[in-house]
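**Q** Quick one: the structure is below, questions incoming.
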Amino acid sequence: MIAEQANSTTSEKIAECALRILEAEGAQAVSMRRVAGEVGVTAMAIYHHFANREALLNQVVEREFARLVDFFDRTRVEAGFEAQMLGLLDGYVDYALAHPRIFDYVFAELRPGARRFPEDFRARKSPTLTPIADTLAYWMKQKRLKRDDVWEVAMELWAHVHGYLALYRGGRFAMTEKEFRALVRRSLERLLNGLRA
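Taking full-length UniProt numbering, the leading residue of the sequence shown gets 1, the next gets one more, and so forth.
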């Protein structure tokens with residue numbers, strides 16, 4: 001039992017260290033040797049906890065999806081369709097601006113094992129797109145939105161916000177973060193209005 005706890009603690013330390021490096025410098029800076037050195041284990045010992053760099057980064061990514069869902073939960077309100085959807089998508093923007101390098105790695109870089117549209121999403125394997133699809137499905141069922149493919153509409157909304165974030169991160173907007181957020185909000189309101197029945 002004590003050995004299991006020590007193993008778990010070491011695994012946690014390794015994952016937390018990898019996350020810190022990822023957030024500060026990006027995925028290319030995360031190496032097994034570097035993480036092992038910063039945690040204080042040998043380069044070989046780290047492989048007792050993670051089979052390879054990909055396995056380590058996969059665990060970090062899965063934990064980050066859980067954090068992103070927490071951003072959704074903090075902003076979601078039990079109100080009408082627009083308020084619910086804007087709350088979810090604001091959470092996505094909040095996370096992207098708070099953790100830009102992690103956001104880039106999780107959503108914008110080629111990554112082995114990344115979920116793919118449509119199969120993985122329709123199978124409800126996406127912790128981030130599923131709440132958006134569920135909200136759309138609920139309001140379509142209430143006949144407040146036009147009937148459509150829930151997953152395609154969810155992906156459209158996600159891609160819309162993601163596109164704005166990618167352009168903002170690429171320096172394509174001459175505006176403050178507050179102004180950028182207001183622009184994204186106005187754009188989403190127009191898009192959401194077009195979904196109404």
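Yeah, the Cβ is synthetic: ideal placement off N, Cα and C, and Gly gets one too.
Can you tell me where the alpha helix (DSSP H) with Ser187 in it begins and where it stops?
**A** Glu177 to Asn193
**Q** By DSSP, does Arg116 sit in helix, in strand, or in coil?
**A** coil
**Q** Return the residue from the list Lys141, Arg101 and Glu38 that minimises the CA-CA distance to Gly170.
**A** Arg101
**Q** State the start and end residues of the unbroken alpha helix (DSSP H) segment that holds Leu145.
**A** Premise fails: Leu145 is in no alpha helix (DSSP H) and is neither H nor E.
**Q** Near Leu188, what residues of its chain come up, given a Cβ to Cβ distance below 8 Å and the 5 sequence neighbours on each side ignored?
**A** Listed in chain order, the non-local C-beta contacts of Leu188 below 8 Å within the same chain comprise Met85, Leu86, Leu89, Leu157, His160 and Val161, local neighbours out to five positions each way being set aside.
**Q** Relative to the C-alpha of Leu195, which candidate in Leu136, Leu167 and Leu110 has its C-alpha closest?
**A** Of the listed residues, the one whose Cα sits closest to Leu195 is Leu136.
**Q** Could you tell me the distance, in whole angstroms, from the CA atom of Ala96 to the CA atom of Val30?
**A** 20 Å
**Q** Looking at C-alpha atoms only, which residue of Trp139, Glu38 and Lys178 is the closest neighbour of Ala83?
**A** Trp139
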